[in-house]
Amino acid sequence: MQAAGRCAPMRSSPSATTRCASVSAMATTRGSTPGSTCASLAKNMGKPRRIRDRARFVQSRPMQPVTQVFTQVIPQVIPQVIPQANTIAVENPLTESNVSTHAGDLLVARIERAGSATCVGLDPVVDRLPSELAPNDAFDNAQCARAIERFSLGVIESVAADTAAVKIQAACYERYGVEGYAALWRVISDARASGLVVVLDFKRGDIGISAEHYAASARNAGAHWTTINAYLGADGITPFLAEGRGAFALVRTSNPSGDALQTLALADGRSVAEAVADIVARLGEQTIGASGFSSLGAVVGATKRAEIASLRARMPRTMFLVPGYGAQGGTADDVRACFIHGHQGALITASRSVIYPKATLGTPWKTAIGDAARVFADEIRAITR
Numbered sequence: 009m010q011a012a013g014r015c016a017p018m019r020s021s022p023s024a025t026t027r028c029a030s031v032s033a034m035a036t037t038r039g040s041t042p043g044s045t046c047a048s049l050a051k052n053m054g055k056p057r058r059i060r061d062r063a064r065f066v067q068s069r070p071m072q073p074v075t076q077v078f079t080q081v082i083p084q085v086i087p088q089v090i091p092q093a094n095t096i097a098v099e100n101p102l103t104e105s106n107v108s109t110h111a112g113d114l115l116v117a118r119i120e121r122a123g124s125a126t127c128v129g130l131d132p133v134v135d136r137l138p139s140e141l142a143p144n145d146a147f148d149n150a151q152c153a154r155a156i157e158r159f160s161l162g163v164i165e166s167v168a169a170d171t172a173a174v175k176i177q178a179a180c181y182e183r184y185g186v187e188g189y190a191a192l193w194r195v196i197s198d199a200r201a202s203g204l205v206v207v208l209d210f211k212r213g214d215i216g217i218s219a220e221h222y223a224a225s226a227r228n229a230g231a232h233w234t235t236i237n238a239y240l241g242a243d244g245i246t247p248f249l250a251e252g253r254g255a256f257a258l259v260r261t262s263n264p265s266g267d268a269l270q271t272l273a274l275a276d277g278r279s280v281a282e283a284v285a286d287i288v289a290r291l292g293e294q295t296i297g298a299s300g301f302s303s304l305g306a307v308v309g310a311t312k313r314a315e316i317a318s319l320r321a322r323m324p325r326t327m328f329l330v331p332g333y334g335a336q337g338g339t340a341d342d343v344r345a346c347f348i349h350g351h352q353g354a355l356i357t358a359s360r361s362v363i364y365p366k367a368t369l370g371t372p373w374k375t376a377i378g379d380a381a382r383v384f385a386d387e388i389r390a391i392t393r
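When the letters of the sequence shown are read in order and numbered with our numbering, they come out as residues 9 to 393.
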């Protein structure tokens, strides 16, 4: 029986050198590097057992999905996309690299070559995708991002022959995190390769370094144009015009609730929308291209027919991006006044009415989208000839 107050004798244990040799042998058998294993063992020697056990657990823990995205997905995706995003014009039969590095000139040239002043909006929603593209798990970011990417690429393929541009809704991709951003970049790259002008619809509104970073993100992704909020004035606009890029500033939007602010009368008698239009026209004079149009454009909704002529008079050298056509109720007659000389100065955009068409039973979804884009283009051609 052991005397009270005396410690039990310590059990003998192999030396650190012996244990290191033993571990090294096991590491070699398992395919690990013996040196790194010994270093890890030495690092944890002398620590309490609980800490040593946790260290071994962390070292042996398998890589998590998010880590895999940053170490595997992004390095594979970004190098493929960035080289194509560094030049503003893609070399192909429709948008030649020697046309211009001015966003306004590039858009005018593309409209002329396509014979259509139409823009298809890419607003992919998982719940509305063709059944063959639907993800198995609607809560899995990677699956959803892949599904909307496949849909977007199919839309681009279907509409490229009859469309001048695509307006890509960034939020539809950004919601799916890293995988969504990677999908967005690939979709932009594919649209450019198909000869389409790319409008990145992200409606940013900030100043200083924030605006510069937002603008750089769009430029790095390969967008020719962006949409921006002009409420902060010139400080929130000019960063998006750097390096020949273009920006469409919100002037008179198609949503009904926009009336509450945009139609307010100022002390000088102008509406808020008219005041913003004057700012856009004034700043735009600094970026007029060879085509006669500025790289600072204006968003003017097709549903505001009564105000379009007045806004056009205030912005005679401004390219209009005109949403609200089709599903929101805008018609060809509504947008006629957006054009100058009957056929210049406007890009009419439709989203849901083209990418989610009412297809007849049995019609492949790409075919239905292509048909809808052709009908849309023909409607606009009819008022611009």
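All C-beta atoms, glycine included, are put in the ideal place defined by N, C-alpha and C.
| query | result |
| --- | --- |
| Could I get the ranges of all uninterrupted beta strand (DSSP E) runs contained in the segment 245 to 323, with 3 residues as the minimum, in chain order? | 254 to 260 and 304 to 308 |
| Relative to the alpha-carbon of D113, which residue among G309, Q177 and G297 has its alpha-carbon at the smallest distance? | G297 |
| Could you name the residues of the same chain whose beta carbon sits closer than 7 Å to that of A146, not counting the 5 residues immediately before and after it, in chain order? | V134 and C152 |
| Cβ atoms of E315 and R260: under 8 Å apart, would you say? | yes |
| According to DSSP, Q177 sits in a beta bridge with which residue or residues? | D209 |
| Going by the beta-carbon positions, is the gap between G213 and T357 smaller than 8 Å? | no |
| I need the straight-line Cα distance from A199 to Y184, nearest angstrom please. | 20 Å |
| For I348, which residues of its own chain have a beta-carbon under 6 Å away from its beta-carbon, when the five flanking residues on both sides are left out? | none |
| Can you tell me the Cα-Cα spacing of G241 and I287, whole angstroms? | 8 Å |
| If you reduce the DSSP assignment to three classes, tell me which class A354 lands in. | strand |
| In the DSSP assignment, find the beta strand (DSSP E) that holds F328 and state where it starts and stops. | F328 to V330 |
| Would you check if there are 3 or more beta carbon pairs closer than 8 Å linking the segment 265 to 272 to the segment 241 to 252? | no |
| Decide yes or no for the touch test of the segment 118 to 126 against the segment 155 to 175: beta carbon pairs closer than 8 Å, at least 3 of them. | yes |
| Kindly identify the DSSP beta-bridge partner or partners of L130. | I176 |
| Taking only three categories from DSSP, how would you classify T235? | strand |
| Considering only residues of the same chain and omitting the five flanking positions on each side of N144, which have a CB-CB separation below 7 Å? | Q151 |
| Less than 6 Å between C-beta atoms, sequence neighbours within five positions excluded: which residues of the same chain meet that for R382? | D170 |
| Can the beta-carbon of V206 be found closer than 8 Å to that of I377? | no |
| For the putative contact between A402 and M327, defined by C-beta atoms under 8 Å, what is the C-beta separation to the nearest angstrom? | With the chain covering only 9 through 393, there is no way to say anything about residue 402. |
| Determine the extent of the alpha helix (DSSP H) in which I215 is found, giving its start and end residues. | Looking at the DSSP string, I215 is not in any alpha helix (DSSP H), and its letter there is neither H nor E. |
| I need the DSSP call for R382, collapsed to helix, strand or coil. | helix |
| Evaluate Q294 with the Cβ neighbour count: other Cβ atoms within 10 Å of its Cβ, from every protein chain shown; 16 or more gives buried, anything less gives exposed. | exposed |
| Buried or exposed for Y239, going by 16 or more other Cβ atoms inside 10 Å? | exposed |
| Here's a check: name, in chain order, each residue in its chain whose Cβ is nearer than 8 Å to the Cβ of V280, leaving out the five neighbours to either side. | L269, Q270, T271, L272 and L274 |
| Return helix, strand or coil for Y364, following the three-state DSSP convention. | coil |
| May I have the straight-line CA-CA distance separating A321 from A178, to the nearest angstrom? | 31 Å |
| With a threshold of 16 other CB atoms inside 10 Å of the CB of L319, please say whether the residue is buried or exposed. | buried |
| Return yes when the Cβ of P331 is within less than 8 Å of the Cβ of A317, no when it is not. | no |
| If I'm right that A231 touches L208 with Cβ under 8 Å, what's the distance once you round it to whole angstroms? | 4 Å |
| Short check: CB of V163 to CB of I363, under 8 Å? | yes |
| Quick one: what's got a C-beta closer than 6 Å to W373's C-beta in the same chain, skipping five residues either side? | P138 |
| I'd like to know if V259 contacts chain C, where contact means its C-beta is closer than 8 Å to some C-beta of that chain. | Note that chain C does not occur in the displayed structure, where there is just one protein chain. |
| With distance defined between alpha-carbon atoms, name the residue in A390, D379, T371 and L304 nearest to D341. | A390 |
| Go ahead and label R227 buried or exposed: buried means 16 or more other beta carbons lie within 10 angstroms of its beta carbon, across all protein chains shown. | buried |
| Starting from G338, follow its DSSP beta bridges and name the residues at the other end. | Y333 |
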